[in-house]
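Comments concern the structure below.
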Amino acid sequence: MCRSFRLQALLATFLALFVCFAASAVHAGPFDKIKKSELNDAFEDLQKSLKRIKDFKNAWYARITEAVSDKFTLDLHYAYTQASRDQKLIDVELNLNRAEGRELALAAAVGDFSDVLESYNTNYARINDAVFTRKLERSAQLQINVMGWGYDSLKQLTQNVEHAIEPGSGGLLHVYATETSIKQRVTKGRKFKETVESNFLLRAVGETFQHEGDSSNAVDRTTRQYLLQTLGNLAAQYDLLESDECASVEELKHYLDLAEFLGLFDKQSREAFAGDLARQFPGGLGKVKISYIVRYDNTALCDALGAVSGDELRELARQTMRKLIGAKYTGMKQTAHLARVGFAYLSPSLHAVYDQEGFTALRQFKTVTLPAWFTGGEPMKVGLSSSDIQFLITLCNTEKSYADRLVKLDKVLDRALKEKKPIPLDELKEAAREFAEMADDVDEWRENAFFAIFDKIVEAALKKAPRDKPARESAMVLEITSDGANKVTKALTRRN
C-alpha cells in the first residue's frame, strides 16, 4: 500500500513536471514562430498527444505499481525550418562599340542584368540563354515517444518557380512555371507503425512575349515585377499513401474511404470488396499499402475556375467545407461528445451570427438540438460547453480563411484566363502559397478534407461548364503482404 502510494505520487509529480515542460516548450522560440505561420498548429498536435499520454498512463498504471523498476519515459521534439534558394543563369553578349552596350556591361560587372532584359535590343545586346529559379521551403516536425508509442508529424510547404527566357525572332519569350505543394506525413504506433502521407500540388505555366526594345509586356514598370501574359497550363494533382504494418479488415475499410469518395466504388461494393479480402486472407491482412493518385485535366480545371468566381465561389467553398466536415461529426456514435459540435456547425443560424457579429458572438449559443434520426427517439436538446464553442469558433475561422484564399487565387487566375490581362508572377505565387497553406488547418478536422473540398468545388463548378471528355483521372493501388513474402496487388481506375 505504501509502495503504491509513493508510485502514484511520483507519477503525478512526473506528469505535472511534463505539463510544465510542455507549456514552456510551446512558448519557446520555434513554437512562437510556427504560431504566427499557418503551416502547422503545434498546439493541437500536442494536446492530442497529451490525451494519448494520459490514456496510456491510466491503462498501464496497474503494471507500473507492480514493478518499481519500470520507468515512465517520454521524449518530445519539435523543429521548424524555413529556407529559400535562388539560382540565376544568364548568357548574354554585349556590343562594347555602342555606348548602350558599355553601360550594360558596367552594370553586369556588378551582377545587375535587369536593364539587359528590360531594354532588350539586338543592336547592343544578345540574349543566348537565361534561367532564374527560386525555391521556398517551410517545414514543421513534431516527434513524441512515450514508452515505445511514437507519433511523428511532418508538414512541408514547397514552392518552386522558374523563369526561362528564350531568344526568338524579333524579341524574347519569357516562360514562367510555378509549382506549389503541401506535403503532410503522420507516422504513429508502437510495435507496428501506421503511416499516412499526402501531397497536393498546384502547377501553372504561362508566357510573355517581349518585343525588341519594349519591356511593357514583360515587366511592370511601377513594381518591376515580371508579368505573366498568357496562362497556358494549369494543373492540380493529389497523391495519398497509407500503410499499416499489421492491418485488420475493419482498418482497411477506413483506408478505402477515399476510394468511395472518388467514385471508384460505392458503399455497398466497398463492403463486398472488404468481405472478399477477409475470406481471401483468413489469417489477417498483414502489411497493407494503399496508394491514390488523382489528376485533373488542364482545360477542365481552367473551365471550372472560370465558371464560378467571387461571392458565388466563396459561398460554394464554405458550404462544401461545412458539409464534408460536419458529416464526419454527425456520423459519430450517439455517445460521442463531438457529435453535438457537428450539428451546431451545420446550423444556419450559427453562421448567420458569425457573419453578422463575428466569432465572439458565438458564445451566446448554449445548446444544440440533436435530431430524432440521430437519437433514435425524440429530438434532444444538449448543452454546448466552452470548449465546444471554441471548436466552433476555430472551425468557422478556418472555413472563412479557406474560402477567402481560394477566392483570392481564383481572382488572380481570372485576370489571366477570362480578362486576358497580364498578372504579376509574384501575385500568383503568393495566392497559390497562401491557399496551399490552408491544407494543414483543414485536414485537422477530417483526413484528406483539403483535397476533398477542392475536388467537390471543381465538380460543382464543372456542372456550369459541362465537358465532352473526362475532367479527372483517379486510381487506387492496394498491396497486401499477409505472409511477409508474397504480395497481392489490386488496382482500380476511373476517368470522369
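Last residue of the sequence shown: 1681 in our numbering, with the numbers rising by one and none dropped.
Glycine is no exception: its CB is placed at the ideal position from the N, C-alpha and C atoms.
_Other residues of its chain near Leu1447: CB distance less than 6 Å, five sequence neighbours each side excluded_ = On the sequence shown, position 262 is the one that residue 1447 refers to. For Leu1447, where only same-chain residues beyond five positions count, the Cβ hits under 6 Å are Ser1659.
*Could you tell me whether the Cβ atoms of Val1479 and Tyr1423 are closer together than 8 Å?*
Looking up residue 1479 in the sequence shown gives position 294. Looking up residue 1423 in the sequence shown gives position 238. Cβ distance < 8 Å, so Val1479 and Tyr1423 count as in contact.
_Supposed close pair Tyr1477, Leu1425 - CB separation, criterion 8 Å_ = Against the sequence shown, residue 1477 aligns to sequence position 292. Against the sequence shown, residue 1425 aligns to sequence position 240. 4 Å between Cβ atoms; contact.
*asked:* Rounded to the nearest angstrom, what separates Thr1520 and Glu1612 at their Cα positions?
replied: Along the sequence shown, one-based indexing puts residue 1520 at 335. Along the sequence shown, one-based indexing puts residue 1612 at 427. Answer to the nearest angstrom: the Cα atoms are 48 Å apart.
*Is it a yes or a no for the stretch 1313-1326 touching the stretch 1334-1351, going by three-plus beta-carbon pairs under 8 Å?*
yes
*Any 3 or more C-beta pairs closer than 8 Å across the stretch 1407-1418 and the stretch 1443-1457*: no
*Does DSSP classify Thr1363 as helix, strand or coil?*
As a working mapping, residue 1363 is identified with position 178 in the sequence shown. Strand at Thr1363.
*In this structure, what does DSSP give as the bridge partners for Gly1460?*
The count along the sequence shown starts at 1 and reaches residue 1460 at position 275. Gly1460 pairs with nothing; no bridge assigned.
*Drop a sphere of 10 angstroms on the beta-carbon of Asn1671, count the other beta-carbons inside from all chains shown, and report buried for 16 or more, exposed for fewer.*
In the sequence shown, the residue the question calls residue 1671 occupies position 486. Exposed, since its Cβ has fewer than 16 Cβ neighbours within 10 Å.
_Tell me which residues share the same chain as Phe1635 and place their Cβ nearer than 7 Å to its Cβ, disregarding the 5 neighbours each side in the sequence._
Start at 1 with the first residue of the sequence shown, and residue 1635 comes out as number 450. Excluding sequence neighbours, Phe1635 sits near Phe1385, Met1623, Ala1624, Val1627, Asp1628.
*Leaving aside the five residues before and after Ser1428 along the sequence, list all residues of the same chain whose C-beta is less than 6 Å from its C-beta, in chain order.*
As a working note, residue 1428 is residue 243 in the sequence shown. Closer than 6 Å at Cβ, skipping near neighbours: Thr1380, Lys1474.
*Asp1300 to Asp1595, Cα distance in whole Å?*
Working through the sequence shown from its first residue, we reach residue 1300 at position 115. Working through the sequence shown from its first residue, we reach residue 1595 at position 410. Their Cα atoms are separated by approximately 32 Å.
*Looking only at its own chain, which residues have a Cβ that is under 6 Å from the Cβ of Val1673, when we skip the five neighbours before and after it?*
By one-based count along the sequence shown, residue 1673 stands at place 488. Contacts found: Ile1665.
_Lys1474 in three-state terms, based on DSSP_ = Taking the sequence shown and counting its residues from 1, one reaches residue 1474 at position 289. DSSP places Lys1474 in strand when its eight states are reduced to three.
_Helix, strand or coil, according to DSSP, for Glu1497 in the structure here?_
One-based indexing of the sequence shown puts residue 1497 at position 312. Correct three-state label for Glu1497: helix.
*Leaving out five residues on either side along the sequence, give the residues of the same chain with a beta carbon under 8 Å from the beta carbon of Gly1333.*
As a position in the sequence shown, residue 1333 is number 148, starting the count at 1. Taken in chain order, the residues that qualify are Arg1375, Lys1376.
*Would you call Asn1282 buried or exposed, if buried means 16 or more other Cβ atoms sit within 10 Å of its Cβ?*
Position 97 of the sequence shown holds residue 1282. Exposed: under 16 other Cβ atoms inside 10 Å.
*From what residue to what residue does the alpha helix (DSSP H) around Gly1527 run?*
Residue mapping note: residue 1527 aligns to position 342 of the sequence shown, counting from 1. That run of the alpha helix (DSSP H) goes 1524-1530.
*If Val1643 and Ala1489 are in contact, beta carbons under 8 Å, what's the gap, nearest whole angstrom?*
Taking the first residue of the sequence shown as 1, we reach residue 1643 at position 458. Taking the first residue of the sequence shown as 1, we reach residue 1489 at position 304. The pair is a contact, with the Cβ atoms about 5 Å apart (cut-off 8 Å).
*Mark Asp1540 as exposed unless 16 or more other C-beta atoms lie within 10 angstroms of its C-beta, in which case mark it buried.*
As a working note, residue 1540 is residue 355 in the sequence shown. The residue is exposed, with fewer than 16 neighbouring Cβ atoms inside 10 Å.
_When you measure from the CB of Thr1674 to every non-hydrogen atom of the ligand MG, does any distance come out below 7 Å?_
Among the ligands in the structure shown, none appear at all, so the ligand MG cannot be discussed.
_At the level of alpha carbons, what is the spacing between Gln1267 and Lys1641?_
For the purposes of this step, residue 1267 is taken as the residue at position 82 of the sequence shown. For the purposes of this step, residue 1641 is taken as the residue at position 456 of the sequence shown. Spanning the two alpha carbons is a distance of roughly 32 Å.
_alpha helix (DSSP H) segment containing Thr1579, residue limits_ = One-based indexing of the sequence shown puts residue 1579 at position 394. That run of the alpha helix (DSSP H) goes 1571-1602.
*For Phe1528, which residues from the same chain have a beta carbon less than 7 Å from its beta carbon, with the 5 sequence-adjacent residues on both sides left out?*
If you number the sequence shown from 1, residue 1528 lands on position 343. So the qualifying residues of the chain are Thr1515, Val1553, Leu1555.
_Helix, strand or coil, according to DSSP, for Tyr1440 in the structure here?_
Start at 1 with the first residue of the sequence shown, and residue 1440 comes out as number 255. Here Tyr1440 sits in helix by DSSP.
_Between Phe1639 and chain D, is the shortest Cβ-Cβ distance under 8 Å, so that the two count as touching?_
The question asks about chain D, but that chain is absent: this structure has only one protein chain.
*By how many angstroms is the C-alpha of Leu1416 removed from the C-alpha of Ala1508?*
As a position in the sequence shown, residue 1508 is number 323, starting the count at 1. As a position in the sequence shown, residue 1416 is number 231, starting the count at 1. For the record, residue 1508 in the displayed sequence is Lys; it is not Ala. Their backbone Cα atoms lie some 32 Å apart in a straight line.
*Quick one: measure Cβ to Cβ for Val1526 and Phe1576, integer angstroms, because I've assumed they're closer than 8 Å.*
Mapped onto the sequence shown, residue 1526 falls at position 341. Mapped onto the sequence shown, residue 1576 falls at position 391. That belief holds up - the Cβ atoms of Val1526 and Phe1576 are roughly 5 Å apart, short of 8 Å.
_Contacting residues, own chain, Cβ-Cβ under 6 Å from Lys1682 (five flanking each side not counted)_ = In the structure as shown, the chain begins at 1186 and stops at 1681. Residue 1682 is therefore absent and cannot be evaluated.
_Judging by CA-CA distance, which residue of Arg1464, Ala1646, Gln1369 is the nearest neighbour of Thr1505?_
Here residue 1505 is taken as the residue at index 320 of the sequence shown, counted from 1. Closest by alpha carbon: Ala1646.
*Within 10 angstroms of its Cβ, does Pro1467 collect 16 or more other Cβ (buried), or is it exposed?*
Locating residue 1467 in the sequence shown gives position 282, counting from the first residue. Per the 10 Å Cβ criterion, exposed.
*Status (buried if at least 16 other CB within 10 Å, exposed otherwise) for Thr1583*: Position 398 of the sequence shown, counting from 1, holds the residue named residue 1583. The residue is buried, with at least 16 neighbouring Cβ atoms inside 10 Å.
*How about Phe1394 and Leu1339: do their beta carbons lie closer than 8 Å?*
As a first step, residue 1394 is located in the sequence shown; it is residue number 209 there, counting from the start. As a first step, residue 1339 is located in the sequence shown; it is residue number 154 there, counting from the start. No; because the gap between Cβ atoms is not below 8 Å, this pair is not in contact.
_Report the CB separation of Ala1421 from Leu1486 in whole angstroms; it is logged as a contact under 8 Å._
Looking up residue 1421 in the sequence shown gives position 236. Looking up residue 1486 in the sequence shown gives position 301. Between Leu1486 and Ala1421 the Cβ distance is about 6 Å, and since that is below 8 Å, they are a contact.
*Identify every run of the beta strand (DSSP E) within the stretch 1276-1354, keeping only runs that are complete inside it and at least 3 residues long; order them along the chain.*
1310-1331, 1334-1353
*Does the beta-carbon of Glu1500 have 16 or more other beta-carbons within 10 angstroms, so that it is buried, or is it exposed?*
Taking the first residue of the sequence shown as 1, we reach residue 1500 at position 315. Per the 10 Å Cβ criterion, exposed.
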